[in-house]
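Using mature numbering (1 follows the signal peptide of the UniProt record, and there is no 0), the letters of the sequence shown correspond one by one to residues -21 to -1, 1 to 247. Cβ atoms here follow ideal geometry from the backbone N, Cα and C, with glycine treated the same way. Remember, it's a predicted structure, so these values are computed and weren't measured experimentally. Reading through the structure tokens given below for one structure.
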Amino acid sequence: MKTLKKLLALTMSLCVLFALGACSQDAAGDGESDTLILGTSADYPPYEFHMLDENGNDQIVGFDISLAYQIAEDMGKELVIKDMAFEFVEQELQNGTVDIVLACIAPTPERLEMEDFSDIYREDPAPIMVIREEDADTYTSIESMVGKIVGVQSATTKKDLIVENMPDSELLELAGVPDLINNLLSEKCDGVFLDGGVALGYIENTDGLVAAEGIEIGEGDRMAVAVQKGDPKGLLDSINQTIAECKENGKLDEWYAEAQELSAQASE
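Shown next, in the form of structure tokens:
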């Protein structure tokens, strides 16, 4: 069985540069800084995740990371990646210790009150309940999950959807998605509720996992880049220009396909 051991072992790393190997600064610079500090949670393939390069060095890769590097390049800045638990990324943005957030994050009404967002760069499939293959004939509706343990990532819209739509299920809330998947594989929970694209990646790359047919909750997220409220560093115009160009030249589709391939490699 593929177990995602490499990915689970790497998620404890905090400050990593994809290509340059430099450490993150403690605080983000102003708009004139020569660095652009990205806040992300690198446990969410194919969007952002850890893997080893051909030399055995840890790196953070993924669809969001490719876009972040392009944003930084177009600004003439060096990208610095600050990796943390998802529940802290927005706090770090509001505190000014990161400049932007790319973490498969959607501009919900609640988030729009606290930060500003770029144009949408990707629309994700509807969320999916990931279950063990042997339970495929058992968990076929919301009612079938009554009293069952459902895993969700902390501080995500998926948690809110489960609380609202499955109040009679027991909630297992963890910071890291690999930990949730590990709990599912070891039968410590009965399902894990994830963004559609992320769920499909785990299903494809992990033996014994399937989507729960008949459990449909919520709609696909529309993802954007988050910046501080009011955009005090003047980043949004350049970010939006990069997004528009990458949509037009097909880079977004190319990066997503590449990220899916890397995600499969990381799980072997």
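{"Item": "Cβ neighbour criterion (16 or more within 10 Å) applied to residue 125", "Value": "exposed"}
{"Item": "Identity of the residues DSSP links to residue 56 by a beta bridge", "Value": "In the DSSP output, where bridge partners are listed per residue, residue 56 has none listed."}
{"Item": "Neighbourhood of residue 50 by C-beta, 6 Å cutoff - its chain only, sequence neighbours within 5 removed", "Value": "218 and 221"}
{"Item": "Reduced DSSP secondary structure (H/G/I, E/B, other) of residue 81", "Value": "coil"}
{"Item": "First through last residue of the alpha helix (DSSP H) which encompasses residue 233", "Value": "230 to 245"}
{"Item": "Three-way DSSP call (helix, strand, coil) for residue 178 in this model", "Value": "helix"}
{"Item": "Exposed unless 16 or more other CB atoms sit within 10 angstroms - verdict on residue 115", "Value": "exposed"}
{"Item": "Residue 60 vs residue 39 beta-carbon contact at 8 Å", "Value": "yes"}
{"Item": "Residue interval of the beta strand (DSSP E) (run including residue 205)", "Value": "205 to 207"}
{"Item": "Contact the stretch 61 to 81 vs the stretch 168 to 175: 3+ CB pairs below 8 Å", "Value": "no"}
{"Item": "Sufficient close CB pairs (3 or more, under 8 Å) joining the stretch 209 to 217 to the stretch 139 to 150", "Value": "no"}
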